[in-house]
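Novice: Mapping to UniProt numbering: the sequence shown position 185 is 185, numbers consecutive.
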Amino acid sequence: MNQLRIAQLNQQHNKASRTSVCLVVFYLLQLLFSASCLANSTAEETQRKLEKVQQQIISKQDKLDKSHSKLKQTQTQLAQTDRQIGQASRVLRQTKQELRQTQKQLKKLSARQQELEQLKQQQLQVLEKQLNSAYHIGQHDYLKVLLNQDSPAKLERVISYYQYLNKARTQAIENLKATLAELNQTTQTLNQKQLRLTELLEIEAQKQQELVSLKRQQQQQIDALAKLIKSESAEIERLRDNEIALSQALEALAEAIDELPQQVELNGLQDIKGRLLWPAKGRIQNIYGKRKSGQLRWKGVKIDADTGDTVHNVHAGQVVFSDWLKGYGLVIVVEHGDGFMTLYGHNQALLKDVGDIVQSGEPIALVGQSGGQSKPGLYFEVRYQGQPLNPMDWCN
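(1) Just confirm the distance between the C-beta atoms of T81 and K215, as a whole number of angstroms; I'd bet it's less than 8 Å.
(2) Can you check which of these residues, K108, R90, V382 and N132, is closest to P363 by C-alpha distance?
(3) Does the beta carbon of A178 sit closer than 8 Å to a beta carbon anywhere in chain C?
(4) If you drop the 5 nearest sequence neighbours on each side, which residues of the same chain put their C-beta closer than 6 Å to that of D338?
(5) One question on the structure: do G371 and H336 come within less than 8 Å of each other, judged by their Cβ atoms?
(6) Judging by CA-CA distance, which residue of K167, A79 and F380 is the nearest neighbour of L277?
(7) Do R387 and G86 have their C-beta atoms within less than 8 Å of each other?
(8) Can residue 397 and T74 be called in contact, C-beta distance under 8 Å?
(9) For G361 and N390, what's the separation of their Cα atoms in angstroms?
(10) Could you pull the start and end residues of the alpha helix (DSSP H) that D393 belongs to?
(11) Bridge partners of W324, per DSSP?
(12) Would DSSP call N191 helix, strand or coil?
(13) On the CB-based measure, 16 or more other CB atoms within 10 Å of its CB, does I203 come out buried or exposed?
(14) May I ask which residues mark the beginning and end of the beta strand (DSSP E) holding V314?
(15) Could you give the DSSP three-state label for D306: helix, strand or coil?
(16) Using three-state DSSP, classify Q285 as helix, strand or coil.
(17) Less than 8 Å between C-beta atoms, sequence neighbours within five positions excluded: which residues of the same chain meet that for L373?
(18) Quick one: is G274 buried, meaning 16 or more other Cβ sit within 10 Å of its Cβ, or exposed?
(19) Taking the beta carbon of A181 as the centre, do at least 16 other beta carbons fall within 10 Å, making it buried, or is it exposed?
(20) Which residues does DSSP list as the beta-bridge partners of G337?
(21) On the DSSP letters alone, give me the boundaries of the beta strand (DSSP E) that P376 sits inside.
(22) Among residues of its own chain, excluding the 5 on either side of R283, which ones have a beta-carbon nearer than 6 Å to its beta-carbon?
(23) For S110, is the classification buried or exposed, using 16 other Cβ atoms within 10 angstroms of its Cβ as the cut-off for buried?
(24) What does DSSP give as the partner residue(s) for P388 in the beta ladder?
(25) Starting from L276, follow the beta strand (DSSP E) in both directions and report where the run begins and ends.
(26) Are there 16 or more other CB atoms within 10 angstroms of the CB of R100, so buried, or fewer, so exposed?
(27) Apart from the five residues on each side of it in sequence, which residues of its chain come closer than 7 Å, Cβ to Cβ, to K306?
(28) Which first and last residues belong to the beta strand (DSSP E) in which L366 is found?
(29) Which residues share a DSSP beta bridge with N166?
(30) Roughly how many whole angstroms lie between the Cα atoms of E195 and T102?
(31) Run the CB neighbour count on Q318, radius 10 Å, all protein chains shown included, and call it buried at 16 or more, exposed below.
(32) Could you tell me whether any non-hydrogen atom of the ligand MG is closer than 7 Å to the CB of Q73?
(33) Looking only at C-alpha atoms, which of A205, Y344 and I173 sits nearest to Q84?
(34) Whole-angstrom Cβ separation of V354 and S322, contact assumed at under 8 Å?
(35) Could you give the DSSP three-state label for Q30: helix, strand or coil?
(36) Is it buried or exposed, residue 426, if we count other Cβ atoms within 10 angstroms and call 16 or more buried?
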């Protein structure tokens with residue numbers, strides 16, 4: 001009986017064991033299937049996310065590349081416009097100078113004309129006296145006067161007197177006619193020249209206005225693109241590129257300085273530190289060393305000045321660069337000897353060319369906003385052996 005009970009229990013135990021094993025296997029298979037499905041789902045989701053991110057990166061890079069390409073194209077157009085405005089401003093300045101010179105000439109000529117009028121009146125009075133004398137002599141009959149002379153000496157004096165009167169009268173008339181003719185011709189020529197200069201002045205002013213309008217339109221494009229690039233975290237790279245371009249340009253200048261013909265002895269700036277002239281009048285906007293963007297810092301100062309204000313050379317030197325430079329617009333660089341250079345950027349017009357000798361305080365440029373600046377001002381640097389120095393330490 002006990003053995004039968006034990007056998008029954010063993011059968012039940014074996015059956016339960018088989019059932020448990022089946023359940024365990026079932027649950028394990030279900031778990032493995034779920035894990036497999038979950039793993040596949042997670043992998044697929046990760047892959048989709050990765051592909052989406054990659055597409056976003058490609059899209060952003062493509063968008064950024066297009067923005068850079070469009071910015072480069074616009075910068076090229078802006079550079080051309082800056083040069084055209086610079087040339088127009090330079091011609092306009094020369095025209096104004098020529099106009100002022102003509103006005104001075106006209107003023108001198110007017111004074112000379114008054115002198116000649118007075119001289120003419122004096123000559124007319126002399127001629128009137130001579131004519132009166134001739135008239136009175138004519139009443140006495142010139143031949144009778146000659147025949148009534150008692151001695152040859154008196155006769156010779158009378159003849160000489162008549163000849164003198166005639167010659168003096170004729171010469172005075174000829175001189176007066178020649179003077180008046182020359183004066184009239186000169187006055188007419190200068191009047192025509194002044195009319196032409198006035199016409200040129202109007203044409204150049206109109207041309208510059210058109211160029212400024214075009215530049216304003218391009219500036220709007222530059223601003224829009226600058227915001228786009230800044231939003232894509234590319235502003236720092238652009239500024240760094242500009243800085244690298246400037247450094248490369250200055251390094252090239254340093255190598256080329258030795259090849260320039262030295263027309264004057266340059267002694268550097270070390271002996272006049274703290275006494276240099278400021279190149280323009282205005283408030284200092286950006287301070288040397290101040291953070292510009294990211295890790296970049298200002299290598300010079302920005303002077304708040306009005307468009308067209310004169311930019312003065314801070315010390316005697318020689319122009320080694322006078323052209324457009326990316327990020328800085330129309331730039332002029334003056335070498336002062338012993339490794340010292342000064343840089344003037346964002347100009348409207350450059351008044352000096354490479355190789356020109358410039359003195360302290362001499363006009364070298366006009367303040368502007370070339371290079372894509374939103375408002376006018378002068379960017380100014382002092383460098384020694386290519387390294388930037390604080391202009392505040394060098395200028396008075």
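By construction, the Cβ of each residue, glycine as well, lies at the ideal position given by its N, Cα and C atoms.
Note that the structure is predicted; figures quoted are calculated from it, not measured.
Specialist: Here's the rundown:
(1) By one-based count along the sequence shown, residue 81 stands at place 81. By one-based count along the sequence shown, residue 215 stands at place 215. A Cβ-Cβ separation of about 5 Å places T81 in contact with K215 under the 8 Å criterion.
(2) Here residue 363 is taken as the residue at index 363 of the sequence shown, counted from 1. Ranking the options by Cα distance to P363, first place goes to R90.
(3) Of the protein chains in this structure there is only one, and it is not chain C.
(4) Reading the sequence shown from its first residue, position 338 is the one you call residue 338. Closer than 6 Å at Cβ, skipping near neighbours: G268.
(5) Looking up residue 371 in the sequence shown gives position 371. Looking up residue 336 in the sequence shown gives position 336. In this structure, the beta-carbon distance from G371 to H336 does not fall below 8 Å.
(6) As a position in the sequence shown, residue 277 is number 277, starting the count at 1. Ranking the options by Cα distance to L277, first place goes to F380.
(7) Counting from 1 along the sequence shown, the entry for residue 387 is found at position 387. Counting from 1 along the sequence shown, the entry for residue 86 is found at position 86. According to the sequence shown, residue 387 is Gln rather than Arg. In terms of Cβ geometry, Q387 and G86 do not form a close pair [threshold 8 Å].
(8) In the structure displayed, the chain extends from 1 to 396; residue 397 sits before or after that span and is not available.
(9) Locating residue 361 in the sequence shown gives position 361, counting from the first residue. Locating residue 390 in the sequence shown gives position 390, counting from the first residue. A direct Cα-to-Cα measurement between G361 and N390 gives close to 20 Å.
(10) For the purposes of this step, residue 393 is taken as residue 393 along the sequence shown, with counting starting at 1. It spans P391 to W394 - the alpha helix (DSSP H) in which D393 sits, taken as one unbroken run.
(11) For the purposes of this step, residue 324 is taken as residue 324 along the sequence shown, with counting starting at 1. Answer is L330, bridged to W324.
(12) By one-based count along the sequence shown, residue 191 stands at place 191. Note: N191 maps to helix in three-state DSSP.
(13) For the purposes of this step, residue 203 is identified with residue 203 of the sequence shown, where counting begins at 1. Exposed is the call here.
(14) In the sequence shown, residue 314 corresponds to position 314, counting from 1. From DSSP, V314 is part of no beta strand (DSSP E); its letter is neither H nor E.
(15) Looking up residue 306 in the sequence shown gives position 306. Coil at D306, not helix or strand.
(16) Translated into positions along the sequence shown, residue 285 becomes position 285. Residue state, collapsed to three classes: strand.
(17) Taking the sequence shown and counting its residues from 1, the one referred to as residue 373 is at position 373. Correcting the residue type first, residue 373 is Gln in the shown sequence and not Leu. Cβ within range, chain order: G329 and H346.
(18) Residue numbering aside, residue 274 sits at position 274 when the sequence shown is read from its first letter. Counting Cβ neighbours within 10 Å, G274 comes out exposed, since fewer than 16 surround it.
(19) Working through the sequence shown from its first residue, we reach residue 181 at position 181. Here A181 is exposed. Its C-beta has fewer than 16 other C-beta atoms within 10 Å.
(20) Here the question's residue 337 lines up with position 337 in the sequence shown. In DSSP, G337 forms a bridge with F340.
(21) As a first step, residue 376 is located in the sequence shown; it is residue number 376 there, counting from the start. The continuous stretches of beta strand (DSSP E) do not include P376, and DSSP gives it neither H nor E.
(22) Counting from one through the sequence shown, the residue named residue 283 turns up at place 283. D304.
(23) Translated into positions along the sequence shown, residue 110 becomes position 110. Answer is exposed; the Cβ neighbour count stays below 16.
(24) Within the sequence shown, residue 388 is the residue found at index 388, counting from 1. BP columns for P388 point to R383.
(25) As a first step, residue 276 must be located in the sequence shown, where it is residue number 276. Per DSSP, L276 belongs to no beta strand (DSSP E) and is neither H nor E.
(26) Position 100 of the sequence shown holds residue 100. Counting other Cβ atoms within 10 Å of its Cβ, R100 stays below 16 and is therefore classed as exposed.
(27) Locating residue 306 in the sequence shown gives position 306, counting from the first residue. The question names Lys, yet the displayed sequence has Asp at residue 306. Around D306: V367 and P376.
(28) Within the sequence shown, residue 366 is the residue found at index 366, counting from 1. That run of the beta strand (DSSP E) goes P363 to V367.
(29) Reading the sequence shown from its first residue, position 166 is the one you call residue 166. N166 pairs with nothing; no bridge assigned.
(30) Taking the sequence shown and counting its residues from 1, one reaches residue 195 at position 195. Taking the sequence shown and counting its residues from 1, one reaches residue 102 at position 102. A small fix is needed here, since residue 195 is Leu in this sequence, not Glu. Straight across, the Cα-Cα distance linking L195 with T102 is about 11 Å.
(31) Taking the sequence shown and counting its residues from 1, the one referred to as residue 318 is at position 318. In the assembly as shown, Q318 is a buried residue. Its beta-carbon has 16 or more other beta-carbons within 10 Å.
(32) Absence of the ligand MG from the depicted structure is noted, as is the absence of any ligand whatsoever, leaving it without description.
(33) Taking the first residue of the sequence shown as 1, we reach residue 84 at position 84. For Q84, the closest of A205, Y344 and I173 by C-alpha to C-alpha distance is A205.
(34) Position 354 of the sequence shown holds residue 354. Position 322 of the sequence shown holds residue 322. Confirmed, Cβ separation roughly 5 Å.
(35) Within the sequence shown, numbered from 1, the residue matching residue 30 stands at position 30. Note on Q30: pLDDT 48, under 50, position unreliable in the model; the coordinate value appears next. Q30 falls in the helix class under three-state DSSP.
(36) Summary: the structure shown does not reach residue 426, with the chain confined to residues 1 through 396, and so no result is reported for it.
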